[in-house]
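> Protein chains in written order, with the numbering used here: chain X, -17 to 143; chain S, 275 to 623.
I am attaching a structure below and will ask some questions about it afterwards.
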């Protein structure tokens, strides 16, 4: 008897994902071209985007504030594997960007930059879609690009890696 | 064995939540911890129950820890099961002597996806899931087999529904409740014969949290701690053709091991997502007519998946804490057609 070595069973499940209150506010901010963070009342850390909670302290993050769309690359990777539904052709840079005023970096794509030039501490800024195309989605920020500012000192972001 | 008591319980249940899981969970966790009178630092262990499939996000259970606060680092564990099994793990952890108290929580949003379809993923992946039998259809097969084997009727199912939803009127966490006429219930159309919409669990988003404490510390922090006097859970084969769906052998064994009948049972909270399952469980647990079943309204009134089992234990504990009973049986189930069952015997001092 020949063993059945594999079968194909397609799984398709649709979800209507609910962002919740904190992320709704964040996305409404993005639609206005503003990046909103939330500050923990206990440890004072600023989360961007916030899920409405401080993971360290286990309390709500209620204080809302706008952070800069400029930031520092804390770490990065160069993606060489193609993936479906991505508008970027590999190789491209995926970077963790610590926005000025935030304590938690978030991931985005870095463009207008040669692969060999990417480095920790590099200063970057968001490139937004034209104002009339802004919406409550992360695609409102097309990518980040390097700016003409001296690199941030490692000590300034080592606590935020 | 160490004596372990439930000292606080909190829950949230709504038909459809616009908050994310952490936003639902955090106030519930805070309430349970606050009412336990223990500081977060004193709580020795944290254990949760949830399923990432409900959310459609991998490692969603890790994200939920945001609601707890995990700094300085805490001892923590998770079960991909109803929170009742998280309580079981916490109880075992306390039995080992490693810790003296635990926070147990669970959360689940049933509303984002097509729940009866999602539940097909818990079946055998080679022979059953590819057929995509939805959870309601499987329950209806069980209900039909049960009615034919026992001679019970759809009217018996409607009686379970009417009594449950009438009890649920007093429960602020019920998403369905009301005083209903049995003939009117029987006039409703089938969703999946012999089950009608009211025989099925309502889609519910919710969370619950509980603090358990060992020994005299429980008496220090709680006026009437509720002691876990028996605790057992059993599992049956996954293949629906491999077991007798008209009874619950795993519940029978768990009931015997947990010592359900060592003394009189005042009331029971049974996790029966479908009306006929209450009758199966009642028989398996040997609960006679004198035992009040589901004074909270049970799972037909509110059914946040992964949470509803822990809520049964919490509802029973809250009732004893309030002095409205001395000894209760709480039950939780998981899997298709009552595959896994957990029985917990609770007593007040």
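Ideal Cβ placement from N, Cα and C applies to all residues, glycine included.
So, with DSSP's three-state summary, where would you put residue 348 of chain S?
Counted from its first residue, the second chain places residue 348 of chain S at position 74. Residue state, collapsed to three classes: coil.
> Does any residue of chain S bring its CB to less than 8 Å from the CB of residue 84 of chain X?
Counting from one through the first chain, the residue named residue 84 of chain X turns up at place 102. With 8 Å as the cut-off, residue 84 of chain X does not count as an interface residue toward chain S.
> I believe residue 387 of chain S touches residue 99 of chain X by the beta-carbon criterion, under 8 Å. Please report the beta-carbon distance rounded to the nearest angstrom.
On the second chain, residue 387 of chain S is found 113 positions in, with the first residue counted as 1. On the first chain, residue 99 of chain X is found 117 positions in, with the first residue counted as 1. That pair is no contact at about 43 Å.
> Closest to residue 463 of chain S by C-alpha separation, out of S/424, S/567, S/442, S/432, would be which residue?
Counting from 1 along the second chain, the entry for residue 463 of chain S is found at position 189. Checking every option, the nearest Cα to that of residue 463 of chain S belongs to S/432.
> Mind listing the chain X neighbours of residue 294 of chain S? Cutoff is C-beta to C-beta under 8 Å, in chain order.
Mapped onto the second chain, residue 294 of chain S falls at position 20. Under the 8 Å cutoff, chain X gives 0, 1, 2, 3, 4, 5, 33, 34.
> Can you give, in chain order, each stretch of the alpha helix (DSSP H) that sits fully within the stretch 433 to 509 of chain S and has at least 4 residues?
Complete alpha helix (DSSP H) runs here, min 4: 456 to 461, 490 to 495.
> Are residue 510 of chain S and residue 517 of chain S touching if we call contact CB-CB under 8 Å?
Start at 1 with the first residue of the second chain, and residue 510 of chain S comes out as number 236. Start at 1 with the first residue of the second chain, and residue 517 of chain S comes out as number 243. Contact: yes.
> Under 7 Å Cβ to Cβ from residue 62 of chain X, same chain only, skipping five residues before and after it: list those, please.
Taking the first residue of the first chain as position 1, residue 62 of chain X is located at position 80. If we look at residue 62 of chain X and ignore the five residues flanking it on each side, its Cβ neighbours are 72, 73.
> So what does residue 77 of chain X bridge to, in DSSP terms?
Position 95 of the first chain, counted from the start, is the residue given in the question as residue 77 of chain X. In the DSSP output, where bridge partners are listed per residue, residue 77 of chain X has X/58, X/90.
> Using a 10 Å radius around the Cβ and a threshold of 16 neighbouring Cβ atoms, would you call residue 14 of chain X buried or exposed?
Walking along the first chain from the start, residue 14 of chain X turns up at place 32. Per the 10 Å Cβ criterion, exposed.
> Measuring only the C-alpha atoms, how far is residue -11 of chain X from residue 400 of chain S?
Translated into positions along the first chain, residue -11 of chain X becomes position 7. Translated into positions along the second chain, residue 400 of chain S becomes position 126. Approximately 8 Å between the Cα atoms of the pair.
> In the structure shown, what three-state DSSP assignment does residue 8 of chain X receive?
For this step, residue 8 of chain X is matched to residue 26 along the first chain. Reduced to three states, the DSSP call for residue 8 of chain X is helix.
> Going along the chain, which residues of its own chain have a beta-carbon closer than 6 Å to the beta-carbon of residue 542 of chain S, five neighbours each way excluded?
Indexing the second chain from 1 puts residue 542 of chain S at position 268. Result list for residue 542 of chain S: 561, 565, 567, 603, in chain order.
> Against chain X, which members of the stretch 396 to 414 of chain S pass a CB distance test of less than 8 Å?
Within the stretch 396 to 414 of chain S, the qualifying residues are 399, 400, 403, 404.
> Output, in chain order, the set of chain S residues within a Cβ distance shorter than 7 Å of residue 42 of chain X.
On the first chain, position 60 is the one that residue 42 of chain X refers to. Residues of chain S passing the Cβ test: 300.
> Which residues, in order along the stretch 324 to 336 of chain S, keep a beta-carbon less than 7 Å from a beta-carbon of chain X?
Result list: 330.
> Kindly say whether residue 392 of chain S, judged by its beta-carbon, lies nearer than 8 Å to any beta-carbon of chain X.
Counting from one through the second chain, the residue named residue 392 of chain S turns up at place 118. Yes, because at least one Cβ of chain X sits closer than 8 Å to the Cβ of residue 392 of chain S.
> Helix, strand or coil for residue 33 of chain X per DSSP?
Locating residue 33 of chain X in the first chain gives position 51, counting from the first residue. Residue 33 of chain X falls in the coil class under three-state DSSP.
> List the whole-angstrom C-beta distance separating residue 552 of chain S from residue 434 of chain S, where the pair is believed to meet the contact cut-off of C-beta under 8 Å.
Mapped onto the second chain, residue 552 of chain S falls at position 278. Mapped onto the second chain, residue 434 of chain S falls at position 160. About 5 Å separates the two Cβ atoms, so the contact holds.
> Along chain S, which residues have their Cβ under 9 Å away from the Cβ of residue -5 of chain X?
Here residue -5 of chain X refers to the residue found at position 13 of the first chain. Residues of chain S passing the Cβ test: 327, 330, 387, 388, 391, 392, 395.
> To the nearest whole angstrom, what separates the beta carbons of residue 485 of chain S and residue 317 of chain S, a pair I think is in contact under 8 Å?
One-based indexing of the second chain puts residue 485 of chain S at position 211. One-based indexing of the second chain puts residue 317 of chain S at position 43. Rounded, the Cβ-Cβ distance is 7 Å, consistent with contact.
> For residue 506 of chain S, go through chain X and note every residue whose CB falls closer than 8 Å to its CB, in chain order.
As a working note, residue 506 of chain S is residue 232 in the second chain. The premise fails here: residue 506 of chain S is roughly 32 Å from chain X at the closest Cβ pair, so nothing lies under 8 Å.
> Per DSSP, which residues does residue -7 of chain X bridge with? Please list them.
Position 11 of the first chain, counting from 1, holds the residue named residue -7 of chain X. According to DSSP, which records beta bridges pairwise, residue -7 of chain X is partnered with nothing at all.
> Residues in the same chain with beta-carbon distance under 7 Å from residue 97 of chain X, minus the five sequence neighbours each way, listed in chain order, please.
Counted from its first residue, the first chain places residue 97 of chain X at position 115. Hits under 7 Å: 60, 73, 75.
> Measuring straight from C-alpha to C-alpha, what distance separates residue 50 of chain X and residue 38 of chain X?
By one-based count along the first chain, residue 50 of chain X stands at place 68. By one-based count along the first chain, residue 38 of chain X stands at place 56. Their backbone Cα atoms lie some 23 Å apart in a straight line.
> Quick one: using the 10 Å Cβ neighbour count with 16 as the cut-off for buried, is residue 363 of chain S buried or exposed?
By one-based count along the second chain, residue 363 of chain S stands at place 89. Result: buried.
> Judging by CA-CA distance, which residue of X/25, X/34, X/58, X/41 is the nearest neighbour of residue 143 of chain X?
Here residue 143 of chain X corresponds to residue number 161 of the first chain, with the count starting at 1. It is X/58 whose Cα lies nearest to the Cα of residue 143 of chain X.
> Mind listing which residues of the stretch 333 to 358 of chain S have their C-beta closer than 8 Å to chain X's C-betas, in chain order?
Going along the stretch 333 to 358 of chain S in chain order, one finds 337, 339, 340, 341, 342, 343, 344, 345 with a Cβ nearer than 8 Å to chain X.
> Are three or more beta carbon pairs between the stretch 571 to 586 of chain S and the stretch 519 to 533 of chain S nearer than 8 Å?
The stretch 571 to 586 of chain S, when compared against the stretch 519 to 533 of chain S, does not touch it at the 8 Å Cβ threshold.
> Using a cut-off of 9 Å between C-beta atoms, extract the partners of residue 656 of chain S located in chain X.
Because chain S is modelled from 275 through 623, residue 656 of chain S falls outside the range shown and cannot be assessed.
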